[in-house]
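In the working numbering, the protein residues as written are 24 to 93.
What follows is a single structure, written as structure tokens, with notes after it.
Next comes the structure, spelled out in structure tokens:
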């Protein structure tokens, strides 16, 4: 997941000083959500929180897999 640093930091934004560059469709496909996560994702109405949720899930699953905890 390529991250691009940005100069303005909005403290309410989950990713702080990074901008998520992937489309929602790409994040959704790569995140491999559980049925519960998928149901929750469908309750999120705005695209920005949707992208943050998917990117967070993808990052967590990547880190867990990297450390062999799957």
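Even for Gly, the Cβ is constructed at its ideal location relative to N, Cα and C.
(request) Could you give the DSSP three-state label for residue 40: helix, strand or coil? (result) Residue placement at residue 40 cannot be trusted, given a pLDDT of 49 that sits under 50; what the coordinates show is reported in the next sentence. Residue 40 falls in the coil class under three-state DSSP.
(message) Quick check: what's the CA-CA separation for residue 62 versus residue 56?
(response) 9 Å
(request) In the DSSP assignment, find the unbroken alpha helix (DSSP H) run with residue 71 in it and report its ends. (result) 70-89
(request) Can you grab the Cα-Cα spacing for the pair residue 60 / residue 73, in whole Å? (result) 11 Å
(message) Rounding to the nearest angstrom, what Cα-Cα distance links residue 58 and residue 81 in this structure?
(response) When rounded, the distance between both Cα atoms is 15 Å.
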